[in-house]
Amino acid sequence: MELMELSALALAEKIKAGEVSAQEAVKAALAQIEQAEGEIHAYVTVDVEGALKKAAAVQKKIEAGELTGPLAGVPAAIKDNMCTRGVRTTCSSRILENFVPPYTASAVERLEQAGVILLGKTNMDEFAMGSTTETSAYGITRNPWNREHVPGGSSGGSCAAVAAKECFFALGSDTGGSIRQPSSFCGVTGIKPTYGTVSRYGLIAYGSSLDQIGPIGKNVSDCAAVLEAISCYDAKDSTSIRRSDCDFTSALSDDVKGMRIGIPRDYLGEGLNQEVKDAVLAAAQVLQEAGAVVEEFDLGMVEYAIPAYYTIASAEASSNLARFDGVKYGYRTSESEGLHQMYKKTRSEGFGAEVKRRIMLGSFVLSSGYYDAYYLKALRTKALIKKAFDKAFASYDVILGPAAPTTAPRIGESLSDPLKMYLGDIYTISANLAGIPGMSVPCGFDGNGLPIGLQLLGDCFKEKNIIRAAYAFEQRFKAGGAATRTAAGKAVE
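Sequence positions in the sequence shown follow this note's numbering and run 2 to 494.
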């Protein structure tokens with residue numbers, strides 16, 4: 002079997018057994034990157050020298066018995082909004098095009114301590130603002146399943162890299178669905194954990210009360226193992242939570258007998274593509290046949306999620322992005338007269354259109370005349386959405402639905418209508434507002450051969466419930482078909 006076909010856990014087992022070396026794994030990943038990047042453009046930066054050097058050091062530690070974890074020696078990619086010491090970190094924005102951080106994000110540090118080898122930084126929507134990875138200052142990323150379609154966003158580069166087998170897993174960040182939606186579009190698995198589970202230290206902020214780092218992998222097992230590796234309390238992040246139940250791989254059981262699964266009727270109405278709906282309901286049927294209790298219910302508050310989210314996220318973005326002024330680091334305009342003109346020209350030239358749009362929207366809703374009318378109202382709506390989920394989880398262990406209303410749109414379709422792009426996040430946004438965990442797992446294909454993702458949501462700190470349900474579905478879904486399609490267009494028996 003070709004090395005890049007292996008899952009992260011399977012590769013680590015082979016490295017531990019001495020069948021493959023960490024250097025061989027890195028060389029295989031770099032060869033695939035060289036072959037695929039011309040069409041896919043999943044990466045902003047590929048650290049060839051650094052990856053090979055780290056692989057040699059990791060291999061020595063594995064052979065000495067110093068690194069024995071389940072991910073030791075595995076090459077991975079990191080979304081380009083997580084700081085990496087000595088490696089360029091741009092947020093796919095011109096304003097940070099030459100920024101090389103002096104420190105590494107806590108989540109990335111945790112992976113390095115586990116023996117994971119960093120291949121490079123993946124492309125994204127600029128400052129994570131977008132749903133298609135088309136707002137990047139360094140060019141668009143294409144969907145490996147069909148090059149004329151987007152990979153989703155904002156973690157589109159990470160999801161495309163996993164789908165195109167340019168890494169064994171990747172880290173992404175999720176502010177309003179930015180892991181789950183592109184995972185759905187690219188036919189991979191992604192988890193957004195409960196807010197506070199993974200440290201945000203070193204993650205360049207978009208919406209601080211919503212952002213959360215999570216794993217993207219080839220299957221549920223890989224994602225559970227990576228999430229276990231990066232979850233911890235971090236004193237450097239004031240929103241970090243102490244948890245003693247981060248043994249997520251213990252939830253990899255295909256037994257869902259008696260598990261109560263609810264499907265919100267609100268998620269199955271107008272705007273949902275029929276093929277997506279059929280695939281999601283078929284997935285629910287698979288879990289029901291496995292012994293889960295599945296029923297529809299009314300969740301409520303769904304229609305208010307998008308206006309509340311974009312009000313809060315834009316407000317926080319306008320505040321967070323004020324630091325990029327050309328004074329301390331990053332891009333600075335070459336010609337200006339006086340400090341204020343330098344600020345204006347630097348930010349005008351450094352930020353893209355979508356980022357400017359959200360900064361202006363955020364500044365507007367935070368202004369003295371509109372703070373109460375918009376921002377405070379959005380915060381109250383956020384609290385009501387959390388109450389609606391609390392009520393739902395009193396009756397159900399897991400909430401099941403689509404990750405996105407459609408499969409991946411064609412390149413250029415979404416940017417022409419920003420409002421339509423915002424509405425595409427309707428099923429994912431609520432989880433960020435409520436701070437609950439969610440994940441996307443592949444559940445089929447549409448008539449054009451594009452992947453469809455199933456979304457599973459759990460109550461706060463109940464990642465194990467969604468991992469268990471996803472794993473049970475995945476095992477049966479794989480067993481149910483004679484062949485599984487891959488992004489390369491081949492059938493794998």
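Where a beta carbon is used, it is the ideal one built from N, C-alpha and C, also for glycine.
Rounded Cβ spacing between residue i and residue j (contact assumed at less than 8 angstroms)
i: SER241; j: SER200; result: 5 angstroms
i: ALA293; j: ILE262; result: 5 angstroms
i: ALA23; j: ILE16; result: 6 angstroms
i: ASP238; j: SER320; result: Wrong, their Cβ atoms sit about 18 angstroms apart, outside the cutoff.
i: GLU135; j: ILE412; result: 7 angstroms
i: ALA162; j: ALA78; result: 5 angstroms
i: ASN147; j: LEU416; result: So it is not a contact: roughly 18 angstroms between Cβ atoms.
i: THR190; j: VAL221; result: 6 angstroms
i: LEU53; j: LYS62; result: Actually they do not touch by this definition, with Cβ atoms about 15 angstroms apart.
i: GLY327; j: ARG333; result: 4 angstroms
Reduced DSSP secondary structure (H/G/I, E/B, other) of residue i
i: PHE478; result: helix
i: ASN466; result: helix
i: LEU7; result: coil
i: LEU120; result: strand
i: ARG261; result: strand
i: SER364; result: helix
i: VAL199; result: strand
i: ALA316; result: helix
i: LYS28; result: helix
i: ILE205; result: coil
i: ILE242; result: coil
i: ALA492; result: Reliability fails at ALA492, whose pLDDT of 37 lies under 50, so the model's placement of it is uncertain and the value that follows must be treated cautiously. ALA492: strand per DSSP, three-state reduction.
i: TYR423; result: helix
i: ASP267; result: helix
i: ASP373; result: helix
i: GLU296; result: strand
i: TYR397; result: coil
i: MET302; result: coil
i: ASN144; result: strand
i: GLY454; result: strand
Contact set for residue i: own chain, Cβ-Cβ below 6 angstroms, skip 5 residues either direction
i: THR195; result: PRO438, CYS461 and PHE462
i: ASP267; result: LEU300 and VAL303
i: ARG496; result: This structure cannot settle anything about residue 496, because the visible part of the chain is limited to 2 through 494.
i: ARG477; result: VAL287
i: PHE394; result: ASP460
Endpoints, alpha helix (DSSP H) assigned at residue i
i: PRO183; result: 181-187
i: THR407; result: Per DSSP, THR407 belongs to no alpha helix (DSSP H) and is neither H nor E.
i: CYS380; result: It is worth fixing the name first, because residue 380 is Leu in this sequence and not Cys. Run containing LEU380: 378-394, per the alpha helix (DSSP H) assignment.
i: LYS61; result: 49-64
i: LEU132; result: Per the sequence shown, residue 132 should be read as Ser rather than Leu. Unbroken run through SER132: none, as it is neither H nor E.
i: GLU276; result: 275-290
i: ALA73; result: Careful: ALA73 lies outside any alpha helix (DSSP H) and carries neither H nor E.
i: CYS461; result: Note, CYS461: premise wrong, no alpha helix (DSSP H); not H, not E.
i: CYS160; result: 157-164
i: LYS193; result: Looking at the DSSP string, LYS193 is not in any alpha helix (DSSP H); the run it does join, the beta strand (DSSP E), is 190-193.
i: SER441; result: Where SER441 is concerned, there is no enclosing alpha helix (DSSP H), although the beta strand (DSSP E) it sits in stretches over 439-446.
i: VAL109; result: 107-114
i: VAL227; result: 221-231
Sequence-distant residues of the same chain with beta carbon closer than 8 angstroms to residue i, five excluded per side
i: CYS92; result: ASP81, ASN82, MET125, GLU127, PHE128, ALA129 and ILE205
i: SER251; result: LYS465
i: ALA138; result: THR91, SER93, SER94, ARG95, GLU98, GLU127 and GLY353
i: GLY51; result: GLY87, VAL88 and LEU119
i: LEU72; result: ALA9, LEU10, ALA13, LEU112, ALA115, GLY116, VAL117, ALA226, VAL227 and ALA230
Buried or exposed (CB count within 10 angstroms, at least 16 for buried), residue i
i: MET260; result: buried
i: TYR372; result: exposed
i: ARG324; result: exposed
i: THR142; result: buried
i: HIS341; result: exposed
i: LYS55; result: buried
i: THR408; result: buried
i: ARG243; result: exposed
i: GLY154; result: buried
i: TYR428; result: buried
i: SER156; result: buried
i: TYR424; result: At residue 424 the sequence reads Leu, which differs from the Tyr that was named. LEU424 is exposed by the Cβ-count criterion.
i: MET361; result: exposed
i: GLU40; result: exposed
i: ASP391; result: exposed
i: LYS122; result: buried
i: ASN433; result: buried
i: ASP48; result: buried
i: SER184; result: buried
Contact set for residue i: own chain, Cβ-Cβ below 7 angstroms, skip 5 residues either direction
i: ASP212; result: SER174, THR176, ARG201, LEU204 and ALA206
i: THR312; result: VAL366, TYR375, TYR376 and ALA379
i: THR382; result: TYR305 and ALA309
i: ALA435; result: ILE386, LYS387 and PHE390
Start and end residues, beta strand (DSSP E) containing residue i
i: LEU172; result: 170-175
i: GLY215; result: 213-218
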